[in-house]
Amino acid sequence: MMSSTNATQATTSSPKQSLFPFQLSTWQSQRLQQRVTHTLSHLILISGAVVMVLPFLWMLSTSFKAPGKTFVYPPEWIPAPIVWENYPNMWTALPFGKFFINSVKIAGLTTIGQLVTCSMAAFAFSILKFRGREFLFLLLIATLMIPYQVTLIPTFILFSKIGWVGTHLPLWVPAFWGGAFGTFLLRQFYLTIPIDLAESARIDGASIWQIFRYIYVPLSGPAMAALAIFTFMWSWNDLLNPLIYVAELDQLTLTIGLSFFQNQYGGKWTLMMAGAVVSILPILVIFFFAQKYFIQGIAMTGLKR
Amino acid sequence: MQRSGLKPMRGELIWVWVFLGPTLIGLLFGTLGPVLAAIGISFTDWDVITPPIFAGLDNYKRLAGDPTFSKALVNTIYYVGIMVPVSTVLALLFAFLLNQKLRAVTWYRTAYFLPVVSSTVAVALVWSWIYAKDFGLLNFLLRQMGVDPIGWLSSTTWAMPAVIIMGIWGNLGAGIVIFLAGLQSIPETYYEAASVDGANSIQRFLRITVPLITPSLFFYFIITMIDAFQTFESIYIMTRGGPVNSTTTIVYYIYRNGFRNFKMGYASSQAIILFLVIMVLTLVYWRLQERWVVYDV
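From first to last, the protein sequence lines are chains A and B. Heads up: take any position in the first sequence, counting from 1, add 17, and you land on our numbering. Heads up: take any position in the second sequence, counting from 1, add 490, and you land on our numbering.
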């Protein structure tokens, strides 16, 4: 099927652009073939994208419907009339404002804790020489293998013994204990910074703290941004921890508030969808503005908790 | 691995402790301590309120004869066994399509990535609305095609597939981004050199693309598998493990035993089993990686 002339021809066109492993003999038919593959690819990609986005549109559309309209078929994608009241109704049915503030507080503190403690540990593991460094680092990385559910019960018992159950403390204090994921991510980045920088600063009389604070922290912006975004997102979206640790209505976060809402107002889809929109909106806004870091972070580590 | 670094001078060693302090506390009190404690608790009967009673291997013996636990184990394997391969294959397909320097690639990538960043709780609520038996969107679409309505979340047959479909939908974007990064890191010159040497596109695909994409492939596969073994939120929101335990997974069962029934010892023994399963998987992954994966970029 392939002649040797084709093989040499292929060097001029980019080989990556052809998806299917066959080629026609002339330049024009290669162009035609490429156009066919591209059109086909777009068709598949568009149908995939529709499946991805449709649930979000359905959420948005339902949140603007009059309660009775959710049972009208064929469905109205753009509701007539558009009902804004679901949002204030949802907001007052349960103290969603309070949930929102709780989520911001917990996710914010968690992010700060992880940035500070992980960057410090990563600095020690990548720059400072001390005995037992490799062993400690391996030990830390090995803990990534431990499923969360194993430590959940002893940690819960510990926190209940010191009277923290029913407060927000168990939800953010552990973030100030460092973390294997964040340390790993930042260490990978620190290792790409030439050690000469630190060494010459050292000769000029900089202390270890100054090297960290004025060289490594400013240079690791993108990695810090990626870690900040992931930590914030995980904390914001977490359900299991708030479910276990808080029960009082005014202490709930958005995720557990929504789940509570589902128990209370099950079947009131218009209100629930309005609540869902409010709970994902902040993360979506961050995503649109910082997409680059999201993508880099996922590509760098692949972790999705 | 870079082993060089700054050697702290006299009086500076304290900085090592300052920098590592929080992490060491976390390692001791947040991870290693609790793991040992979990093993210990798994040999007791404990409701947290009254003192623990030593129970020896009773919890593990009970696990072996607990039909709900076997059901949870089978359900978890069902979920992982379908969700992980299907989302890997689909993500790979979409990544290949996106790697053709098409127009609007960033738009597609944003669309596929939306479910990854959205909270599972919110997304699971929408899916339960889509899956609703009487007025749900999915049954409406199926009716258009002449299919009778299915009680997606209320039927023991369909609840698990429904949860799996949402799982695939929610994970695809992460896979696409990882594979796309893997594909784009393959230098163009490799393909050009191979073409000059007379390799056809099938050969280029099999000898360049496949070996160089396997690290990403393995990576995504194992990460998603570990993640899938721990699925909780979608099940909590959509089915609460029902109907009749048909979607009760190990993690959901741990939650129910530990935090609904406060059987901490019994829940811990299940968590230890989960730990062993995940550890074996990770070790298998490392061994296979050494043998199969080509790291040569």
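No residue lacks a Cβ here, since even glycine has one placed at the ideal position from N, Cα and C.
- Excluding residues up to 5 positions away in sequence, Phe708 lie with their Cβ nearer than 7 Å to the Cβ of B/Gln779 in the same chain.
- Distance from the CA of A/Val295 to the CA of B/Ser644, rounded to the nearest whole angstrom, comes to 28 Å.
- Residue-level contact by beta carbon holds for B/Leu627 and chain A, with a gap shorter than 8 Å.
- DSSP, reduced to helix, strand and coil, places B/Phe544 within a strand of the structure shown.
- Bridge pairing for A/Leu77: absent [DSSP].
- B/Ala562 is a Cβ neighbour of B/Thr738, given a cutoff of 8 Å.
- Of the residues A/Ser120, A/Tyr310, A/Ser276 and A/Ala139, the one whose Cα lies closest to the Cα of B/Ile727 is A/Ser276.
- Residue state for A/Asp213 is assigned as helix, using DSSP reduced to three classes.
- B/Val686 is classed as exposed because its beta carbon has fewer than 16 other beta carbons within 10 Å across all chains shown.
- The C-beta of B/Phe708 comes no closer than 8 Å to any C-beta of chain A.
- In terms of Cβ geometry, B/Ala664 and B/Ser736 do not form a close pair [threshold 8 Å].
- Just so you know, the alpha carbons of B/Ile762 and A/Gln166 end up roughly 9 Å apart.
- When C-beta atoms of the segment 545 to 552 of chain B are compared with those of the segment 629 to 640 of chain B, fewer than three pairs fall below 8 Å, so the two segments do not count as touching.
- Residue ranges of uninterrupted alpha helix (DSSP H) with 4 or more members, entirely inside the segment 634 to 699 of chain B and ordered along the chain, are 649 to 674, 678 to 686 and 691 to 694.
- Secondary structure note for B/Ser724: its alpha helix (DSSP H) is the uninterrupted segment Glu723 to Met728.
- For A/Ala264, there is no enclosing alpha helix (DSSP H), as DSSP marks it with neither H nor E.
- In terms of Cα proximity to A/Phe173, the closest of B/Trp507, B/Lys753 and B/Leu510 is B/Lys753.
- For A/Leu145, DSSP records a beta bridge to B/Leu496.
- Cβ-Cβ separation between A/Phe140 and A/Phe229: approximately 5 Å, consistent with a contact (criterion under 8 Å).
- For the segment 157 to 191 of chain A, the set of positions with a beta-carbon nearer than 8 Å to some beta-carbon of chain B reads Leu157, Thr160, Met162, Ile163, Pro164, Tyr165, Gln166, Val167, Thr168, Leu169, Ile170, Pro171, Thr172, Phe173, Ile174, Leu175, Ser177 and Pro191 in chain order.
- With contacts defined as CB atoms closer than 8 Å, B/Ala528 and B/Ser758 qualify as a contacting pair.
- Distance from the Cα of B/Tyr680 is smallest, within the candidate group B/Gln693, B/Phe722 and B/Ile668, for B/Gln693.
- Assignment of B/Thr610 by DSSP, reduced to helix, strand and coil, places it in the helix class.
- In the DSSP assignment, A/Asn103 falls within the alpha helix (DSSP H) that extends over Asn103 to Ala110.
- When the alpha-carbon of B/Pro512 is set against those of A/Ser120, A/Pro105, A/Phe147 and A/Ser136, the nearest one is in A/Ser136.
- No residue range can be given for B/Thr737, since it is assigned to no alpha helix (DSSP H) and is classified by DSSP as neither H nor E.
- Taking each of A/Ser237, A/Lys178, A/Val182 and A/Leu186 in turn and checking the Cα distance to A/Tyr207, the smallest one comes out for A/Ser237.
- Taking the Cβ atoms as the reference, B/Ile725 lies roughly 6 Å from B/Val653, within the contact range of under 8 Å.
- Chain B has no Cβ within less than 8 Å of the Cβ of A/Arg48.
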